[in-house]
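Those protein sequence lines, which keep their order, are chains A and B. According to our numbering, the residues represented by the first sequence are 530 to 778, in order. According to our numbering, the residues represented by the second sequence are 796 to 1105, in order. We put the CB at the ideal spot given by N, CA and C, even for glycine. Owing to the predicted nature of the structure, the values given are computational and were not obtained by experimental measurement. To keep things clear, I will list the structure first and then write my remarks on it.
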Amino acid sequence: MNTAAISRNPSLQLIQAQWLNLVRTPSYTIPTLLFPLMFYSFFGLLMIRVQALWLLCTFATFGVMGAALFSFGVGIATERAQGWMMLLRASPAPVGAIVAGKAFGAMLFALIIVVVMAVLGATFGDVRLATSQWLLLTGVLVAGALPFCLMGLALGLWIKPNAAPAVLNLIYLPLGFLSGLWIPAMQFPPLLQAIAEWLPPYHLAALALDVTGAKTADWSAAMLNLGAFTLIFGVMTALGWKRLDGTRG
Amino acid sequence: MNPPVLAECRELSYRYGATTALDAVDLTLRRGQVTALLGPNGAGKSTLIHLLLGLKPVQSGTIRLFGEHAPDARACRVRIGTMLQASGVQDNLTVRELLALFASFYPEHADFDELIDEARLDDVQHRRFGRLSGGQKQRALFALAAVGQPEWLILDEPTTGLDPAARRRLWRAIQARRDAGTSILLCTHYMDEAQRLADQVVVLDRGRVLHEGTPDEIRRKVPQARIRVRTSLTGSELEALPRVQQVERLDSGWSLLSSNEVETVRALLAADQDLADLEIAAADLETAFLALTERRDTGTESTETQWEAA
C-alpha cells in the first residue's frame, strides 16, 4: 500500500473511520435510514397525500434529528463502553477531530435521508419545487442537524452507556411529536402549541417549510431558538467531556 | 549515573468520593528504562496512568512530565504511546486502517510494514479488529501505541489474557523498544513479567508505594519457599521460627512461607522431633507477593485485592 496516499490529517482520518464504520455495519445503517423514510411513505405518501410537501418538511426534520441524536448519543455511549473513547482521549487526537468524525456521520445520514425523502416526495407525492428550493431545503436540514448532534453528544456523555438507546428514544419520539412534526402544531390545543414553540425541532421544521414555500416562518425567532439550544448543548457537551475526567467511565 | 528523569510524581493523591485510589505517591521514572508498576487489581495503577496522561485532573500533589511542571496534557500525549487496559477499538476497522488513523495523530510515524511485521500481524493486517483473536488484538493495540514513534510507552496490563507464547512475543517486542531507547511504564500484576522486563519495579498496593527498587532488590524481600509440614507446634510457635513470613493452617498440618527455607527448616526440626510430611517447594511468586503485601498491612483484611493467577 502506498503510504504517501494516506491522509495525515486526523480529522479526515476520523471521518474516514466513521464512514467505514457505517458502511460496514449495514445492520445499523439501513434500519436507521429506512425508519424516517418508511414513516414518510406511510403518512405523507399513502395516508395524507395532499400534504406531501408539508409532511416532507416535517418528516425530513424528524429523520435528520434522529440521525444526529442516535449517531452521536448512542454512538458515543457505545464507544465509551467499548473503551474506544478512552483510547482516543489518551491519544493525541484533537477533540475537535473526534467530534468532526462523528458530525460527518450524522450529516451524511441527514443528507441521505433528505435526498431520498425528497425523491420519494417528488415521485410519489407530486411535490414540485424549484431547483433552488430543493437545494435550500437540503441545506437547511443538513446544517440544522448541528444542534441535534450536540444534543446527542451531550446526552451520550451524560447518560450511562447501556441506558443510552432507551433514554434517547424516550426523548426523540415525544420531542418529534410535541414539535408538531407528525401533526402540525397549529392543530394542537393552546398549551401544547405554546410548548412546541419552545422546541428546536419545531423551528427547524418551520425553516424547512419556509424555504419550500409551504408556510412562512419567523427566521429570527427560529435562528434564536436553534442558536440558543446549540449553545446550551455545546456547554453541556464541554461539561460532560470534563466530567469524564473525574469518573472511571 | 542515573539516566535523566522522565516523569515525577510527588505526594500524588486521588480520591473517588470516599475511596482513596492513590495516597501520597512519590515516583520517579527515568528515561530509557522500563519501570514496572506492580500491584494487584485495585492498587491504583490505572488511576496513576490516567493522571499521568491527563485523563483525570490532579486533585492533590504534583506531576512533572518531560521536565515540565504543570504539563499540558495534549502536548505531552504527542510524545506518548498508550495501551490501556481493556481498551476496545472500532471493531469495523482493519489493523492497517487503525495504524493509519493513529499515525495521523502524531507528527511522525513508523513504517507500517515494519510494525506489522514486528507485531506478527502480516496475515491479518487487512482483517477487521473485531475478527482478531485475543492475542492478535493485544499485539495490534501494542502496534497502535508504538505507531507514533513515541519517546514513552505506557502499557497498562499489556499481556492480560494472553497465552504463554503470546506473552513472550509481546515481552520481546517491549524489550526491543527499550533497546531502541524508548522509556516504558509497564503496569502489571504479573511478578514474572516485572522481573523479566523491568529496570525498576515499583510495588503499589491500595494506593501506596510499598517498595521501589531493582527486580533483584524486590525479589530479596519476597518469600522464596513454601513449606508444608505436620507438627505439634502451635501457630504462634511456628510464626516465631526464623525467616517465617506467613503461617497458614491446612486441613492436615501447616503451610509456611519462608524467605530462607534452610534456616526455617533447621529451626523447625530442632523444635519438633516428631514432625512429619515435610515438603518444601518454591513459592510461586504471586502467592509470595500477596504474603508480602498482606504482611505490611495495617490490620485490615485484604480480600478485596485479588491477584489473578499467572
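Rounded C-beta distance between residue i and residue j? I'm assuming under 8 Å.
i, j, result
"arginine 1038 of chain B", "glutamate 1007 of chain B", "In fact, because the Cβ distance is near 23 Å, the residues do not count as touching under 8 Å."
"valine 740 of chain A", "valine 671 of chain A", "Incorrect: roughly 12 Å between the Cβ atoms, too far for contact."
"glutamine 1041 of chain B", "leucine 1052 of chain B", "4 Å"
"threonine 667 of chain A", "valine 644 of chain A", "7 Å"
"histidine 983 of chain B", "glutamate 952 of chain B", "Rather than histidine, the amino acid found at residue 983 of chain B in this sequence is threonine. 6 Å between Cβ atoms; contact."
"valine 884 of chain B", "proline 902 of chain B", "Incorrect: roughly 22 Å between the Cβ atoms, too far for contact."
"alanine 606 of chain A", "isoleucine 724 of chain A", "No, alanine 606 of chain A and isoleucine 724 of chain A are not in contact; Cβ-Cβ is about 27 Å, not under 8 Å."
"valine 537 of chain A", "serine 899 of chain B", "Reading off the sequence shown, one finds arginine at residue 537 of chain A, where the question assumed valine. With a Cβ gap of about 5 Å, arginine 537 of chain A and serine 899 of chain B count as contacting."
"leucine 575 of chain A", "alanine 581 of chain A", "In fact, because the Cβ distance is near 10 Å, the residues do not count as touching under 8 Å."
"arginine 934 of chain B", "threonine 857 of chain B", "Arginine 934 of chain B to threonine 857 of chain B, Cβ: 35 Å. No contact."
"leucine 948 of chain B", "arginine 964 of chain B", "About 16 Å; that fails the 8 Å criterion."
Closer than 8 Å by beta-carbon distance: list the chain B residues that pair up with residue i, in chain order.
i, result
"tryptophan 613 of chain A", "Ser882, Gly883, Val884 and Gln885"
"lysine 618 of chain A", "Per the sequence presented here, residue 618 of chain A reads as arginine, with lysine not at that position. Correct list: Leu850."
"threonine 766 of chain A", "The premise fails here: threonine 766 of chain A is roughly 17 Å from chain B at the closest Cβ pair, so nothing lies under 8 Å."
List, in order along the chain, the chain A residues whose C-beta lies closer than 7 Å to that of residue i?
i, result
"serine 751 of chain B", "A query on residue 751 of chain B cannot be resolved here, the shown segment of chain B reaching from 796 to 1105 and no further."
"arginine 869 of chain B", "Pro621"
"leucine 879 of chain B", "Gly612, Met615, Leu616 and Ala619"
"valine 919 of chain B", "Within 7 Å Cβ-Cβ: nothing; valine 919 of chain B doesn't reach chain A, min ~15 Å."
If you drop the 5 nearest sequence neighbours on each side, which residues of the same chain put their C-beta closer than 6 Å to that of residue i?
i, result
"arginine 859 of chain B", "Glu803"
"threonine 745 of chain A", "Asp739"
"isoleucine 1075 of chain B", "Ala1020, Ile1022 and Glu1056"
"proline 694 of chain A", "Val603"
"methionine 594 of chain A", "Phe677 and Pro730"
"leucine 684 of chain A", "Gly602"
"alanine 905 of chain B", "Val942 and Gln944"
"isoleucine 544 of chain A", "Gly630 and Phe633"
"glutamine 920 of chain B", "Val890, Arg891 and Ile911"
Please say whether residue j and residue i have beta carbons closer to each other than 8 Å?
i, j, result
"glutamate 1043 of chain B", "serine 1054 of chain B", "no"
"phenylalanine 588 of chain A", "phenylalanine 564 of chain A", "no"
"glycine 839 of chain B", "leucine 999 of chain B", "yes"
"proline 959 of chain B", "alanine 989 of chain B", "no"
"leucine 640 of chain A", "serine 570 of chain A", "no"
"glycine 930 of chain B", "alanine 968 of chain B", "no"
"arginine 772 of chain A", "asparagine 887 of chain B", "no"
"arginine 825 of chain B", "proline 866 of chain B", "no"
"aspartate 818 of chain B", "serine 808 of chain B", "yes"
"leucine 781 of chain A", "alanine 647 of chain A", "Since the first residue shown for chain A is 530 and the last is 778, residue 781 of chain A is missing from the structure and cannot be characterised."
"proline 690 of chain A", "arginine 609 of chain A", "yes"
"aspartate 994 of chain B", "glutamine 880 of chain B", "no"
"phenylalanine 937 of chain B", "alanine 914 of chain B", "yes"
"glutamate 1032 of chain B", "alanine 1062 of chain B", "no"
"glycine 709 of chain A", "alanine 734 of chain A", "yes"
"glutamine 662 of chain A", "glycine 742 of chain A", "yes"
"leucine 699 of chain A", "phenylalanine 638 of chain A", "no"
Starting from the Cα of residue i, find the closest Cα among the options and give me that residue.
i, options, result
"alanine 895 of chain B", "A:Glu726, A:Ala546 and A:Thr759", "A:Ala546"
"leucine 910 of chain B", "B:Thr857, B:His864, B:Thr955 and B:Ala940", "B:Ala940"
"leucine 721 of chain A", "A:Leu733, A:Ala734 and A:Leu707", "A:Leu707"
"leucine 566 of chain A", "A:Val579, A:Phe591, A:Tyr731 and A:Ile605", "A:Phe591"
"methionine 986 of chain B", "B:Leu948, B:Thr830, B:Tyr811 and B:Leu807", "B:Thr830"
"histidine 845 of chain B", "B:Arg825, B:Glu1034, B:Cys871 and B:Ala898", "B:Cys871"
"threonine 877 of chain B", "B:Val1024, B:Leu980 and B:Arg1025", "B:Leu980"
"leucine 833 of chain B", "B:Ala935, B:Ala1062 and B:Leu950", "B:Leu950"
"phenylalanine 762 of chain A", "A:Asn691, A:Ala750, A:Met615 and A:Leu686", "A:Leu686"
"leucine 1072 of chain B", "B:Leu992, B:Ala975 and B:Arg1025", "According to the sequence shown, residue 1072 of chain B is aspartate rather than leucine. When each option's Cα is compared against that of aspartate 1072 of chain B, the closest is B:Arg1025."
"glycine 673 of chain A", "A:Pro718, A:Ala596, A:Met576 and A:Gln662", "A:Ala596"
Find the residues of chain A that neighbour residue i, judging by a C-beta separation of less than 8 Å, and give them in chain order.
i, result
"threonine 1009 of chain B", "Within chain A, no residue comes near threonine 1009 of chain B; the closest Cβ sits about 29 Å away, beyond 8 Å."
"valine 853 of chain B", "The premise fails here: valine 853 of chain B is roughly 10 Å from chain A at the closest Cβ pair, so nothing lies under 8 Å."
Give the residues of chain B in contact with residue i, contact being defined as C-beta atoms less than 9 Å apart.
i, result
"asparagine 550 of chain A", "Gln885, Asp886, Asn887 and Leu888"
Identify, in the order they occur along the chain, each residue of the same chain with its Cβ nearer than 7 Å to the Cβ of residue i, setting aside the five sequence neighbours on each side.
i, result
"leucine 598 of chain A", "Phe677, Met680, Gly681, Leu697 and Tyr701"
"threonine 766 of chain A", "Leu679, Leu682, Ala683 and Leu686"
"glycine 956 of chain B", "Gly929"
"arginine 810 of chain B", "Ala816 and Gln854"
"glutamine 542 of chain A", "Ser536"
"leucine 704 of chain A", "Leu728 and Pro730"
"isoleucine 627 of chain A", "Leu543 and Leu617"
Looking only at its own chain, which residues have a Cβ that is under 8 Å from the Cβ of residue i, when we skip the five neighbours before and after it?
i, result
"proline 623 of chain A", "Pro539 and Ser540"
"tryptophan 727 of chain A", "Asn754"
"threonine 759 of chain A", "Leu675, Pro676 and Leu679"
"arginine 966 of chain B", "Arginine is not the amino acid found at residue 966 of chain B; the sequence shown has tryptophan there. So the list reads Thr954, Glu988, Arg991 and Leu992, once near-sequence residues are dropped."
"tryptophan 791 of chain A", "As displayed, chain A neither begins before 530 nor continues past 778, which places residue 791 of chain A out of reach and without an answer."
"aspartate 917 of chain B", "Ile911"
"threonine 814 of chain B", "none"
"valine 764 of chain A", "none"
For residue i, go through chain A and note every residue whose CB falls closer than 9 Å to its CB, in chain order.
i, result
"leucine 896 of chain B", "Pro539, Gln542, Leu543, Gln545, Ala546 and Ala622"
Kindly list, in the order they appear in chain B, the residues whose Cβ is closer than 7 Å to that of residue i.
i, result
"arginine 772 of chain A", "The contacting residues do not exist; arginine 772 of chain A stays about 11 Å from chain B at best."
"arginine 553 of chain A", "Asn887"
At a CB distance below 7 Å, what residues from the region 1046-1076 of chain B approach chain E? Give them in sequence order.
This model lacks chain E altogether, as its protein chains are A and B.
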